[in-house]
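Residue numbers (the numbering used here), protein chains in the order written: chain S, 1 to 239; chain C, 1001 to 1094.
Here a beta-carbon is modelled for each residue, glycine too, at the ideal position from N, C-alpha and C.
Just so it is clear, the structure is predicted and the values come from calculations on it, not from any experiment.
Comments concern the structure below.
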């Protein structure tokens, strides 16, 4: 097992709230399913970064940064949070104050990260101003179609399937950031990644908490298992 | 008994600690209206180290500390986190 994955597990995965009723299930699926996916994704991230570094210039960083802009933008957050609110009638939404506060916090957070991202791009000289970023087609495309739009909502429509998606996929984001910080010695780009780290971890913790709290019966565990199988299948197919 | 407090330099106000503490009906984590509507821990309601639920779900390293010693407990160090579940699992698999 790669030391970065081992460190992630020791810090954020194994520590468990005493008495959490779904935790035994979470640890079982982690060992049986998640570890495989996380190891593959981490190795892939490391290989991509090492390949970029070996090229001897920072064009690859510029390419990755521009391509990732849309993925870190406010629109992604709004899609994601809207998907979580869709199952609640408009007239009922005022009762879900936690959800609304979390949504407000999330939109604020995405604004902050988008702004930081644009500032790093400008400071590095990769774009002249934000207008240029808006005009860059590469900044507004993603390799996956509507990741948090309708095409991804249907496989994750069950709230515990969403939890599984958070637990599995956000861990990969955390590991990708850890890989970047481990290998890339650029203070500005590192600063940007560090800024995103707690955000990704928060979503991972949302998944961890929901599984620990609610996956107490076979019926509740099934959507989590199904989602993990789906995500693992996707990861293998894409390799 | 040691008590916990939030280090606002590190806390991201994500509310995971608030949600987890409320689930157990402890409600030791609350939103303090004064001065800045920030999350705070009520030392009279918090049962740490009997309960460590907030520490298990907090994503911001160093954001919850032992009030007396100032020691960071996120992520929970080994002496705070009792690894009870891992032990239970290994006993089960044997």
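Within chain S, 202, 205, 206 and 209 have C-beta atoms less than 8 Å from the C-beta of residue 1016(C), given in sequence order.
With a threshold of 16 other beta carbon atoms within 10 Å, residue 103(S) meets it and is buried. For the options 61(S), 53(S), 16(S) and 24(S), the alpha carbon positioned closest to that of residue 1051(C) is the one of 16(S). Its Cα nearest to that of residue 51(S), the residue 183(S) stands out among 183(S), 222(S) and 230(S).
Between residue 1029(C) and residue 1036(C), the gap from beta carbon to beta carbon reaches 8 Å or more.
Of the candidates 235(S), 167(S) and 231(S), 167(S) places its Cα closest to the Cα of residue 210(S). Selection 1060(C), 1078(C), 1072(C) and 1017(C) evaluated against residue 1046(C) yields 1017(C) as nearest (Cα-Cα).
As a beta-bridge residue in DSSP terms, residue 1032(C) pairs with 1038(C).
When DSSP states are grouped into helix, strand and coil, residue 1065(C) belongs to the strand group. When CB distances to chain C are screened at a threshold of 7 Å, not a single residue of the region 31 to 58 of chain S falls below it.
Cβ atoms of residue 175(S) and residue 42(S) come within 8 Å of each other, at about 5 Å. The residues 30, in chain order, have a CB closer than 7 Å to that of residue 13(S) in the same chain once the five nearest residues on each side in sequence are set aside.
Annotation: residue 124(S) is outside any alpha helix (DSSP H) and is labelled neither H nor E by DSSP.
When beta bridges are read from the DSSP output, residue 1004(C) appears opposite 1066(C). One finds 15 in chain S with Cβ atoms closer than 7 Å to the Cβ of residue 1081(C), taken in chain order. Going by C-alpha positions, residue 196(S) is about 16 Å away from residue 206(S). Per DSSP, reduced to three states, the secondary structure at residue 1072(C) is strand.
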